[in-house]
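Using the numbering used here, you'd call the opening residue of the sequence shown number 141 and step up by one each time.
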Amino acid sequence: MIRRFLLFIMLTIAIFSCSDDNSDSVFVKVENKTNSVVKTEGDFALKGIDGYPIKQLPIDLLSTIHDRLIKDGRSDDAKKLYVLYDMKTGVLKGSENTIAANGRINSQYAPNGVYAYVHEQDYGDIGPFLQSSSMSDGAPSSYAGVTGQSKRLEGVWFDTAPELVSTRPYLEYGLVDISGPGNTFINTWGEFNGTRGKDKAVSGIIMIIDDLKPWKIWYKAHNQGVGWNQPWHTDWEYAGVKNKRLEAFAFYIMIY
């Protein structure tokens, strides 16, 4: 009899503790294995290649993602994006309480363990360059290449922290000839794309993630005389300006 009574009490507590599971409000999920605090909206979140929610993005990229979600028929997720992020700063709300990846990736590859190298006129091979996490005076906070010095970007390759190699999505990329989009030789992680020692300019870049999971790659070009005054592109779209040399580009890989 006492056992039945205790069982009834336990079931009652369990039912009441689960009564708010269908709430549409923002909630905080605590992952015990990492002691991290994650800000999400229902089951929607922007996550980096390391699996952790992205704490900050350029505001124009967030706006572009919002518009693309609507175009793709994901209006509910578009609304959640604006609930999660401060659209004036691009910061994930409450991210000041988020603990980093606790040593999962080497800090020199932050954020999220993705980086790029480029071959730039007069500089040769330089990098690594990090993904763009914010904006400053209209420019991405970090980008691959050199701006303000009229230098050609002639080659590029991408890689990740070693511990992410087995779980990273399949990335393909290629630089586009100065005359504009056309047949472009494509490479993947760790492979050099472009030229060295040939003084050959390119006008843009194309990138795609070929993976069954909903990975996304966003990238933005900086061209001669045009600067960063260009939109973000994704999935095989041409980022650049025909007959204008590519000098730098910003990028971000995520899943949502």
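Don't be surprised by glycine CBs; every beta carbon is placed ideally from N, CA and C.
Being a predicted model, the structure only gives us computed values, none of them experimental.
Are there 16 or more other CB atoms within 10 angstroms of the CB of residue i, so buried, or fewer, so exposed?
i      : result
Ser273 : buried
Gly288 : exposed
Arg385 : buried
Asp299 : buried
Ser343 : buried
Val305 : exposed
Asp262 : exposed
Tyr392 : buried
Lys211 : exposed
Gly380 : buried
Leu352 : exposed
Arg336 : exposed
Check the C-beta distance from residue i over to residue j and give it rounded, since I have them as a contact under 8 Å.
i      : j      : result
Tyr225 : Lys233 : 7 Å
Ile266 : Tyr257 : 7 Å
His362 : Tyr283 : 7 Å
His206 : Leu221 : 5 Å
Tyr310 : Thr324 : Between Thr324 and Tyr310 the Cβ distance is about 17 Å, and since that is not below 8 Å, they are no contact.
Kindly indicate which three-state DSSP category residue i falls into: helix, strand or coil?
i      : result
Tyr203 : Looking at the sequence provided, one finds Ser at residue 203 rather than Tyr. Helix.
Pro280 : strand
Asp161 : Below a pLDDT of 50, predicted positions are generally treated as unreliable, and Asp161, at 35, falls in that range; the measurement from the model is reported next regardless. DSSP places Asp161 in coil when its eight states are reduced to three.
Pro193 : strand
Glu303 : helix
Ile326 : coil
Ile210 : helix
Lys220 : helix
Ser343 : strand
Might you give, ordered along the chain, the residues of its own chain that have their beta carbon closer than 6 Å to the beta carbon of residue i, omitting 5 neighbours on each side?
i      : result
Ile326 : Glu312, Gly314
Pro280 : Pro198, Ser272, Ala390
Can you name, in chain order, every residue of its own chain whose Cβ lies under 7 Å from the Cβ of residue i, other than the five neighbours on each side?
i      : result
Phe332 : Gly295, Trp297
Lys340 : Glu294
Asp217 : Phe184, Leu209
Pro354 : Ile395, Tyr396
Ser163 : Unreliable placement is indicated for Ser163, whose pLDDT of 28 sits below 50; no coordinate value is reported for it.
Met227 : Ile199, Leu202
Val286 : Glu260, Tyr263, Glu387, Ala388
Asp350 : Tyr310, Glu312
Looking only at C-alpha atoms, which of the options sits nearest to residue i?
i      : options                        : result
Lys338 : Tyr192, Lys228, Gly264         : Gly264
Asp317 : Ile345, Tyr192, Glu377         : Ile345
Leu202 : Gly253, Asp375, Trp358         : Trp358
Gln370 : Gly191, Asp190, Tyr192, Thr204 : Thr204
Asp375 : Gly278, Gly330, Ile348, Ser215 : Ile348
Tyr378 : Gly365, Lys360, Gln364, Val366 : Lys360
Lys291 : Asp350, Gly365, Glu303         : Gly365
Ala356 : Gly367, Arg308, Trp368         : Per the sequence presented here, residue 356 reads as Lys, with Ala not at that position. That would be Arg308, whose Cα lies nearest to the Cα of Lys356.
Asp190 : Gly213, Gly278, Pro302, Ser276 : Pro302
Tell me which residues share the same chain as residue i and place their Cβ nearer than 8 Å to its Cβ, disregarding the 5 neighbours each side in the sequence.
i      : result
Gln196 : Thr229, Gly230, Val231, Leu232, Ser235, Ser273, Ser274
Phe269 : Tyr255, Ala256, Tyr257, Val258, Ser282, Tyr283, Ala284, Gly285
Gly330 : Trp297, Phe298, Asp299
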